[in-house]
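Participant: Submitted below is the structure of interest, expressed as structure tokens.
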Amino acid sequence: MEVLPDFRNGIYNVPHTILNILGIKSNKVLEPIKDLKEDKIFFILVDAFGYNLFEKYIKDFCDYDHFKLTSLFPSTTSAVLTTLYTGLSPKEHGILEWYMYYEEFGEIIKTLPFSRKDGKENDELIKLGFSPKNLFNLPTIFEKLKKEDIDSKFFVRKDYASSSYTLHMGKGAKIVPYTSLENVFQLLKKSNAALNFLYIDYLDIAQHHYGPNSKETKDLLLKIWKNIVDLKNHTKERTIVTADHGQIEVSKNFIIDVPKDLVGGSPRDVFLYSDYLPSLDYMDVLNKEDILKLLGPGKEHPKLKERVPNYILLPKDSYTIWFEDFALKGLHGGLSAEEMFVPFILV
């Protein structure tokens, strides 16, 4: 089942809805809660909390209002987080995937870590003389709130709280590092900020390593949910829970004979920076024109066309396509229901 992004009632509308809830009017809000107003909210973004996991493990004992949203295309952390932090569509911000070609650097790089494709260190490109402003100099929702004297806190894992991406996307907020789930929920309970934006990536990591259907994924999600309910019982303020994308349990990987320096994206949305197109019957192919149509509304980023690959290969079913074998059991980036549908929960 192919699911296309909905730019009227999808994850694209979530940052505009946050602003609207806190008093900054927007005409891009989620219709079911267009009239919701609060002085303080907790916004919890659980990376890779797909609607399939919500249905399987949470829905039966969830007494809170909830509905289903679509993610963006590509259904990636890079694209969706940047939209959530800025309110811009992928068409506008131009950050589509983890591995992308950037003319400014003359090669495929790792976008959010701001490092070379095979780099092991965050912000490696700064040491090579490149400015992160080339990628990340975008307006944020936190800055919009600050202009109206509405304060924000942005809770991120200590490992990357000082990364270039976090520092740019957190402009206007107080960035609060945390070390564990237990630690961050204690920090949330003590916060007086109007917007408390928490990003949790543990569930995404678990699914990559163990798979979406694993016991490890289930146990971790239930632990996260227990902390969310406990927060609600402790604070009574409105809490919103959603995700950037889901994950799909992958099966067979097909290796393509293309040099790795021409391949970006991920094995579920292969960015091919080449005119050579493998002839495979287990994939759909998007050309530049197809890709651009899926990236949403707004003014096109001035460098978008050079960043968009010649083709994106979308493996059918739960297949993957890459230039080598890999060990990950759960992935995302494509247009399957598992990858594209996420819950939106009002706690």
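Residues in the sequence shown are numbered consecutively from -1, following the working numbering.
Where a beta carbon is used, it is the ideal one built from N, C-alpha and C, also for glycine.
Runs of 4 residues minimum, wholly inside the segment 231 to 314: which ones carry the alpha helix (DSSP H) assignment?
Facilitator: For the segment 231 to 314, whole alpha helix (DSSP H) runs of length 4 or above, ordered along the chain, are 286 to 291 and 302 to 305.
Participant: With DSSP as the reference, please indicate the residues paired to leucine 43 in a beta bridge.
Facilitator: Translated into the one-based positions of the sequence shown, residue 43 becomes position 45. Answer is Tyr197 and Thr240.
Participant: Let me know the secondary structure DSSP gives leucine 329 once reduced to three states.
Facilitator: Numbered from 1 along the sequence shown, position 331 holds the residue referred to as residue 329. Three-state DSSP puts leucine 329 in a strand.
Participant: Quick one: grab the DSSP three-state call for proline 88.
Facilitator: As a working mapping, residue 88 is identified with position 90 in the sequence shown. Helix at proline 88.
Participant: Is serine 212 helix, strand or coil when you go by DSSP?
Facilitator: In the sequence shown, residue 212 corresponds to position 214, counting from 1. Three-state DSSP puts serine 212 in coil, outside helix and strand.
Participant: Using 8 Å as the threshold, is the segment 166 to 173 in touch with the segment 41 to 48, meaning 3 or more CB pairs across them?
Facilitator: No, because fewer than three Cβ pairs between the segment 166 to 173 and the segment 41 to 48 fall closer than 8 Å, the two stretches do not touch.
Participant: Would you check if the distance between the CB atom of methionine 281 and the CB atom of serine 69 is smaller than 8 Å?
Facilitator: As a working mapping, residue 281 is identified with position 283 in the sequence shown. As a working mapping, residue 69 is identified with position 71 in the sequence shown. No, these two residues do not count as a Cβ contact at 8 Å.
Participant: How far does the beta strand (DSSP E) with tyrosine 158 in it extend, from its first residue to its last?
Facilitator: By one-based count along the sequence shown, residue 158 stands at place 160. No beta strand (DSSP E) holds tyrosine 158; DSSP gives it neither H nor E.
Participant: Between the alpha carbons of leucine 20 and aspartate 33, how many angstroms are there, rounded?
Facilitator: For the purposes of this step, residue 20 is taken as the residue at position 22 of the sequence shown. For the purposes of this step, residue 33 is taken as the residue at position 35 of the sequence shown. For leucine 20 and aspartate 33, the distance between alpha carbons rounds to 11 Å.
Participant: Grouping DSSP H, G and I as helix and E and B as strand, with all else coil, what is aspartate 58?
Facilitator: Looking up residue 58 in the sequence shown gives position 60. Aspartate 58: helix per DSSP, three-state reduction.
Participant: Buried or exposed: glutamate 146, going by 16 or more other Cβ atoms within 10 Å of its Cβ?
Facilitator: Sequence index remark: in the sequence shown, residue 146 carries index 148 (1-based). Result: exposed.
Participant: By the DSSP assignment, the alpha helix (DSSP H) with lysine 131 in it spans what residues?
Facilitator: In the sequence shown, residue 131 corresponds to position 133, counting from 1. Taken as a continuous stretch (DSSP letters only), the alpha helix (DSSP H) holding lysine 131 covers 131 to 134.
Participant: Where asparagine 251 and lysine 230 are concerned, what is the direct C-alpha to C-alpha distance, given to the nearest angstrom?
Facilitator: Translated into positions along the sequence shown, residue 251 becomes position 253. Translated into positions along the sequence shown, residue 230 becomes position 232. So the two alpha carbons sit approximately 42 Å from each other.
Participant: Since I believe leucine 136 is in contact with leucine 196 (beta carbons under 8 Å), could you give me their beta-carbon distance rounded to a whole number of angstroms?
Facilitator: Position 198 of the sequence shown holds residue 196. Position 138 of the sequence shown holds residue 136. With 8 Å as the limit, leucine 196 and leucine 136 do not qualify as a contact, their Cβ atoms being about 21 Å apart.
Participant: According to DSSP, simplified to helix, strand and coil, what is aspartate 228?
Facilitator: Counting from 1 along the sequence shown, the entry for residue 228 is found at position 230. Aspartate 228 falls in the helix class under three-state DSSP.
Participant: Please classify threonine 237: is it buried, with 16 or more other beta-carbons within 10 angstroms of its beta-carbon, or exposed?
Facilitator: The sequence position of residue 237 within the sequence shown is 239, counting from 1. Classification of threonine 237: buried, given that the 10 Å Cβ count is 16 or more.
Participant: Which word fits methionine 98, buried or exposed, when buried means at least 16 other C-beta atoms lie within 10 angstroms of its C-beta?
Facilitator: Position 100 of the sequence shown, counted from the start, is the residue given in the question as residue 98. Counting Cβ neighbours within 10 Å, methionine 98 comes out buried, since at least 16 surround it.
Participant: Whose CA, out of Asp63, Ile139, Asp58 and Pro210, lies closest to the CA of glycine 244?
Facilitator: Along the sequence shown, one-based indexing puts residue 244 at 246. When only C-alpha atoms are compared, the closest one is Pro210.
Participant: List the endpoints of the continuous alpha helix (DSSP H) containing threonine 15.
Facilitator: One-based indexing of the sequence shown puts residue 15 at position 17. Its alpha helix (DSSP H) spans residues 12 to 19.
Participant: Hey, quick one: how far does the beta strand (DSSP E) through valine 174 stretch, first residue to last?
Facilitator: The sequence position of residue 174 within the sequence shown is 176, counting from 1. Its beta strand (DSSP E) spans residues 172 to 176.
Participant: Of the residues Asp267, Asn11, Asp116 and Val268, which one's Cα is nearest the Cα of glycine 296?
Facilitator: For the purposes of this step, residue 296 is identified with residue 298 of the sequence shown, where counting begins at 1. Comparing Cα positions, the closest option is Asn11.
Participant: Considering only residues of the same chain and omitting the five flanking positions on each side of asparagine 132, which have a CB-CB separation below 7 Å?
Facilitator: As a position in the sequence shown, residue 132 is number 134, starting the count at 1. Counting only Cβ-Cβ distances below 7 Å, and skipping sequence neighbours, we find Glu102.
Participant: Which residue comes first and which comes last in the beta strand (DSSP E) that contains isoleucine 343?
Facilitator: Reading the sequence shown from its first residue, position 345 is the one you call residue 343. Residues 339 to 344.
Participant: Check this for me: beta carbons of isoleucine 343 and valine 248, under 8 Å apart or not?
Facilitator: Here residue 343 refers to the residue found at position 345 when the sequence shown is read from its first residue. Here residue 248 refers to the residue found at position 250 when the sequence shown is read from its first residue. Going by C-beta atoms, isoleucine 343 is not nearer than 8 Å to valine 248.
Participant: Closest by CA to tyrosine 200, which one among Leu219, Phe183 and Ser76?
Facilitator: Sequence index remark: in the sequence shown, residue 200 carries index 202 (1-based). Cα-wise, what sits closest to tyrosine 200 is Leu219.
Participant: Which term fits tyrosine 176, buried or exposed, when burial requires 16 or more other beta carbons within 10 angstroms of its beta carbon?
Facilitator: Numbered from 1 along the sequence shown, position 178 holds the residue referred to as residue 176. When all chains shown are included, tyrosine 176 counts as buried.
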